[in-house]
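S.K.:
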Amino acid sequence: MRTWLDKLFHLRACDTTFQRELIAGFIGFVTIVYIVAVNASILQDAGIPMEAGILATVLTAFIGSLLMAFWANAPIILVPGMGINALFTYTLCQSMGLSWQEALAAVFVSGLIFTVIAFTRAAAILSNAIPASLKEAITVGIGLFLTFIGLQKGGLIVTNPSTFVALGDLSSPHVLVTLVTLLLTLILFVRNVPGNFLIGIAAGTGLGFLFGIVEPGTGETFSFAQYGQVLGGMSFSAIWTLPFWIATFSLAMVIVFENIGLLHGHTAMIGQPQKFRRSLQANALSAAISGILGTSPTVATVETAAGIAAGGRTGLTTLVTGTLLLFSLGLIPVVKMIPDGAVAPVLIIIGALMLQNVQNINLKDFSEGFPAFLIIAIIPLSYSIVDGIAFGFVAYPLMKLALGKRREVPALLYVIAGLFLLNLMLPVFT
154 MRTWLDKLFH LRACDTTFQR ELIAGFIGFV TIVYIVAVNA SILQDAGIPM
204 EAGILATVLT AFIGSLLMAF WANAPIILVP GMGINALFTY TLCQSMGLSW
254 QEALAAVFVS GLIFTVIAFT RAAAILSNAI PASLKEAITV GIGLFLTFIG
304 LQKGGLIVTN PSTFVALGDL SSPHVLVTLV TLLLTLILFV RNVPGNFLIG
354 IAAGTGLGFL FGIVEPGTGE TFSFAQYGQV LGGMSFSAIW TLPFWIATFS
404 LAMVIVFENI GLLHGHTAMI GQPQKFRRSL QANALSAAIS GILGTSPTVA
454 TVETAAGIAA GGRTGLTTLV TGTLLLFSLG LIPVVKMIPD GAVAPVLIII
504 GALMLQNVQN INLKDFSEGF PAFLIIAIIP LSYSIVDGIA FGFVAYPLMK
554 LALGKRREVP ALLYVIAGLF LLNLMLPVFT
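Residue numbers (my numbering): 154 to 583.
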């Protein structure tokens, strides 16, 4: 069997071994398995039942691993991405008014657009049309948004009729679980303990039992029947409306830019940049399939670096990770017991990591910095990723035109800005 796997994944040619790939795949699993609980929790806020969200997350990750393993032969983990799931739930469903079924249709169509881009030269054209400052600002804005959501889920930030938001009750059991779990997870993370997020979530769940916010036996029963309503549950009833296409375009733009950046980094890390194109194609197909299976689009995860650092060089690493994720379905009763206070610290820390991209923005050039600032500020404050992106993309060409630098704006960006402006102005005329 090892000889067959060696031929299939070209282990010797990639300077790796069967044992090394297995270890790398296991480490990748330990670092990413937290996404099962976190993604299902966020999808639940969109109206997708917890059990269905868990199944959709695991099955999508497994199929994504098959595509990455056998099409690209790369050790890159594909799972529903953090930030993209927030865009799906809190922007498409809660802010733009799409049902989760209509939002899944937008995921599917955006995945098809991504697939066309990945299999043509359009990826380079589109990537070159969007200024680096705006790309980085989207990541930073989504990071702050995830932090805000984490603070809310953890009870640290609550609504207030006078000031909109306020500090929560620090003496409540829910907030205490969040704070203790956050402290523990931070210590594990900064010390690079393998599986830090997973350990933190497990500890937070244990604290939930001690503080009485999780009752024993609450996760013992579950039903796969609910997934039948989510699998293939896409609704195209809103396909002729502008909000649907704004949502679809925004999803496509975010997943294209995020994955191009991540995949460039990962393929360079393994010393095989020639695998970038096929990796992008596998990623695009996986994103489209996400809508069918019932979750937000997949992305090439940052956690992939852990498996690569452990020696993973081929698709066998990804195959091992995906298979272990599939086996994790046996833990559904346990996942259902995880309280928000155990999930919130993960969101907060990931948000802090995404904030680091702000150093790549040229804030000294106001025509670059101000549109980026609008994206960063408006995404969390408006609770809408699309609205934040829209303001930034409209402001950018306006700033350049005001300075007589119209040639610095690609023609395609004017078109994109016009579409976002139309979306912002539509409520004024309706």
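From the three backbone atoms N, C-alpha and C, an ideal C-beta is built for every residue, glycine too.
How many whole angstroms separate the CB atoms of P202 and P450, which I take to be in contact at a CB cut-off of 8 angstroms?
M.R.: Going by Cβ atoms, the distance from P202 to P450 rounds to 20 angstroms, so no, they are not a contact pair.
S.K.: With a cut-off of 8 angstroms on the beta carbons, I'd call A525 and A290 a contact; round off their distance for me.
M.R.: 4 angstroms
S.K.: Would you call the stretch 417 to 436 and the stretch 208 to 226 touching, i.e. three or more CB-CB distances under 8 angstroms?
M.R.: yes
S.K.: Mapping DSSP to helix, strand and coil, what is N192?
M.R.: Residue state, collapsed to three classes: helix.
S.K.: Around the Cβ of T583, are there at least 16 other Cβ atoms within 10 angstroms (buried) or fewer (exposed)?
M.R.: Any answer about T583 is weak, because its pLDDT of 44 lies below 50 and its placement is not dependable; what the coordinates show is given next. Exposed: under 16 other Cβ atoms inside 10 Å.
S.K.: Applying the criterion that 16 or more other CB atoms from any shown protein chain within 10 Å of the CB defines a buried residue, is L323 buried or exposed?
M.R.: exposed
S.K.: Excluding the 5 residues flanking V511 on each side, which residues of the same chain have their C-beta closer than 6 angstroms to its C-beta?
M.R.: V293
S.K.: Quick one: Cα of E204 to Cα of A378, how far?
M.R.: 9 angstroms
S.K.: Along the chain, where does the beta strand (DSSP E) that runs through T451 open and close?
M.R.: 451 to 453
S.K.: Pull up the DSSP beta-bridge partners for P233, would you.
M.R.: DSSP output for P233 lists T451 as bridge partner(s).
S.K.: Here's a check: name, in chain order, each residue in its chain whose Cβ is nearer than 8 angstroms to the Cβ of V328, leaving out the five neighbours to either side.
M.R.: G307, G308, L309, G321, D322, G494
S.K.: In whole angstroms, what separates the C-alpha of H419 from that of G365?
M.R.: 43 angstroms
S.K.: Between the C-alpha atoms of L404 and A177, what's the straight-line distance to the nearest angstrom?
M.R.: 31 angstroms
S.K.: Leaving out five residues before and five after P533 in sequence, what residues of the same chain have Cβ atoms less than 6 angstroms from its Cβ?
M.R.: L297, F298, F301
S.K.: By DSSP, does T420 sit in helix, in strand, or in coil?
M.R.: helix
S.K.: Buried or exposed: which applies to F480, given that a residue is buried once 16 or more other Cβ atoms fall within 10 Å of its Cβ?
M.R.: exposed
S.K.: Are the CB atoms of T467 and C167 nearer to each other than 8 angstroms?
M.R.: yes
S.K.: Is the beta carbon of T474 sitting closer than 8 angstroms to the one on I216?
M.R.: I216 sits away from T474, with the two beta carbons spaced by 8 angstroms or more.
S.K.: Since L164 contacts E174 with CB under 8 angstroms, what's their CB separation in whole angstroms?
M.R.: 7 angstroms
S.K.: Compare the beta carbon distance of F267 and V409 with 8 angstroms and say whether it is the shorter of the two.
M.R.: Cβ distance < 8 angstroms, so F267 and V409 count as in contact.
S.K.: Enumerate in chain order the residues of its own chain whose CB-to-CB distance from V318 is below 8 angstroms, with the five nearest sequence positions on each side excluded.
M.R.: Scanning its chain for C-beta atoms nearer than 8 angstroms, with the 5 sequence neighbours on each side dropped, one finds around V318 the residues I310, V311, T312, in chain order.
S.K.: With respect to the beta strand (DSSP E) encompassing F223, which residues constitute its N-terminal and C-terminal limits?
M.R.: Neither: F223 is in no beta strand (DSSP E) and is coded neither H nor E.
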